[in-house]
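Contents: one structure, followed by commentary.
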Amino acid sequence: MNTYFPEVPERIPYEGAGSDNPLSFKYYDAQAKVGSKTMEQHLKFAVAYWHTFKGTGADPFGGGSLTRAWATATNPMDAAIQTLDANFEFISKLGIRYWCFHDRDIAPEGATVAESRDNLSVVVEKALSYQKATGVKLLWGTANCFSHARYTHGAATNPDPLVFAHAAAQVRAALEATVVLGGTGYVFWGGREGYSSLLNTDMKHEREQIAALLHMAVAYGRSIGFKGTFFIEPKPREPTTHQYDYDAATVLGFLREFDLLDDFALNIEANHATLAGHTFHHELQVASDAGKLGSIDVNRGDPTCGWDTDQFPADLSEAALAMMVVLRQRGLAHGGLNFDAKVRRGSFDSTDLFLAHIGGMDTFARGLVVAHRLLEDKVFAKPMSVRYSGYKRGMGKRILSGAATLTELEAYADRDGEPERISGRQEGLENILNRYILES
Ligand code: XLS
Ligand code: NI
Ligand code: NI
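Quick note on the numbering used here: the sequence shown kicks off at 47 and runs consecutively.
What follows is the structure, given as structure tokens:
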């Protein structure tokens, strides 16, 4: 397997921070221990097939700029197999263990539903043999129910049940592919499940429709032996103006409302968090507090524009804070860290794909080490526990236990008078975070 990236060695080595070799890891040392687990065990990185191998660099102002040797065949099935070859060569050279795909990324849509299924089966079989040969595993699969023109007004939320049926057929086949390839997750990202005008949209009806599809997916998935977790990936806008899965809190409410909490968890994407006006840290914490942080799409947005720019993660404090949430909940069971990120339109060399992933992996390796030390030293836990200590005793305890009444609290406030004001020390805590980033 040395066809598409001949300029890259068989395996990207770990050379440490002192190395000048751009094709080496500076911080990601797969077998190094952080706490009781190796970096590789903590950081279940996955390559996103769509951006890495199907991305063309196109934007609203111009067509593709990335020329890819694996995308030259004129027969779509030949091109699909060559792209799969490139995927496994790339992943093996990087030393990553997982990949993620949409059905339509790996196999072309056919003229009929049956033909599409057959195309997918052929590629899945080939992928399975590659997985066996390389030890690479599937993290999660999903169905692309948003690119085809039939999904213009949504897939499961489409006013036409025949469109719903096409989406259902895709989900069924993608679930089967996920099970065959041993994926531990199956993702639903909203795609076009949202609306742009309430003048033609019955929002309540559409939300019931998508809940129906999710229940069917659970029933079918479990019936064919899927033991993993179903994930919903929140996003507030793009492609529709109002996406139903706006953010983590909205999706948690939806799962509760439609009785889907048992089988689902959340796949939180950094850039979707910022599109929703939140921080990545906030979205991860909301999901984790509910016991529902299942997987993460690691990327970043551009703070100066409101698009899903899907850049590679490069911000150390963001990575450290994210890993703190992950470590506190003891990992991501069925999920991992999927690089849902693309190289910029101007980064057209295939080497740029390696540099981007190396940078993302180093960023999260460093973030992991920093997060581990912050937790070991209880840097934030100690002041946090002091801050809320009033609720561990007396009236605070009565409030949380549900025993206190408004009347009794009024008397308490009246008797004890004005509370002493205590600084939140935010700047001081930020200084400590920076010190850990610089010194870990
Ligand atoms: C798009 C989403 C998508 C999902 C998978 O914004 O991030 O790439 O991760 O369908
Ligand atoms: Ni994503
Ligand atoms: Ni995205």
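Cβ coordinates follow ideal geometry from the N, Cα and C atoms, glycine included.
Presumed contact (8 Å Cβ cut-off) between residue i and residue j, rounded CB distance
i: V371; j: L339; result: 7 Å
i: R238; j: Y197; result: 5 Å
i: L130; j: A92; result: Between A92 and L130 the Cβ distance is about 16 Å, and since that is not below 8 Å, they are no contact.
i: L221; j: A265; result: Actually they do not touch by this definition, with Cβ atoms about 11 Å apart.
i: G274; j: S341; result: In fact, because the Cβ distance is near 10 Å, the residues do not count as touching under 8 Å.
i: A368; j: H327; result: 7 Å
i: D356; j: L321; result: No, D356 and L321 are not in contact; Cβ-Cβ is about 11 Å, not under 8 Å.
i: L185; j: F410; result: The pair is not a contact, with the Cβ atoms about 15 Å apart (cut-off 8 Å).
i: A119; j: R163; result: Between R163 and A119 the Cβ distance is about 22 Å, and since that is not below 8 Å, they are no contact.
i: I483; j: L362; result: 5 Å
i: G448; j: G442; result: That belief does not hold up - the Cβ atoms of G448 and G442 are roughly 13 Å apart, past 8 Å.
i: P280; j: V297; result: 5 Å
i: F234; j: F277; result: 7 Å
i: V344; j: N384; result: 7 Å
Exposure label - residue i; buried when at least 16 CB within 10 Å
i: M456; result: Reading off the sequence, residue 456 comes out as Glu, not Met. Burial call: exposed.
i: K438; result: exposed
i: T451; result: exposed
i: V217; result: buried
i: T488; result: As shown, the chain starts at 47 and ends at 486. That puts residue 488 outside it, with no answer to give.
i: P359; result: buried
i: Q472; result: exposed
i: S396; result: buried
i: H318; result: buried
i: R494; result: The chain is shown from 47 up to 486; residue 494 falls before or after that span and cannot be answered.
i: F40; result: Outside the modelled stretch of the chain, which goes from 47 to 486, sits residue 40, for which no answer is possible.
i: G187; result: buried
i: H251; result: exposed
i: P52; result: exposed
i: V432; result: exposed
i: K72; result: buried
i: A223; result: buried
i: I314; result: buried
i: L208; result: exposed
i: G299; result: exposed
i: G392; result: exposed
i: L244; result: exposed
i: L446; result: exposed
i: R143; result: buried
i: G240; result: buried
i: A311; result: buried
i: Y74; result: buried
i: A32; result: Since the displayed the chain opens at 47 and closes at 486, residue 32 lies outside it and no answer follows.
Residues near residue i in its chain [Cβ-Cβ closer than 7 Å; skip 5 each side]
i: G141; result: R57, I58 and A76
i: A104; result: G110
i: G101; result: L112 and K388
i: D398; result: V389
i: G236; result: K281, Q289, Y290 and D291
i: N67; result: E61
i: Q375; result: S334 and L339
i: R444; result: A450
Three-state secondary structure assigned by DSSP to residue i
i: A189; result: coil
i: S175; result: helix
i: F400; result: helix
i: V168; result: helix
i: Q87; result: helix
i: A311; result: strand
i: F147; result: strand
i: T350; result: coil
i: N480; result: helix
i: D124; result: helix
i: L184; result: strand
i: I137; result: helix
i: K438; result: helix
i: A265; result: helix
i: T224; result: helix
i: K273; result: coil
i: S162; result: helix
Neighbourhood of residue i by C-beta, 8 Å cutoff - its chain only, sequence neighbours within 5 removed
i: F210; result: A201, A202, N204, Q255 and L259
i: W116; result: Y50, F99, A125, Q128, T129, D131 and A132
i: V54; result: L69, K139, T397 and F400
i: S175; result: none
i: L352; result: The sequence shown places Gly at residue 352, not Leu. Around G352: L321.
Cβ neighbours of residue i in the same chain (closer than 6 Å, five flanking residues each side left out)
i: E364; result: F326
i: A379; result: none
i: S70; result: P59 and E61
i: V416; result: A366, Y482, I483 and S486
i: A153; result: A126, N165, L166 and V169
i: A189; result: D149, Q216, V217 and A220
i: F155; result: In the sequence as displayed, the identity of residue 155 is Glu instead of Phe. Excluding sequence neighbours, E155 sits near S162.
i: A94; result: C146, N384, F385 and D386
Shell residues, 6 Å Cβ cut-off relative to heavy atoms of ligand 2:
W235, E279, E315, D343 and D386
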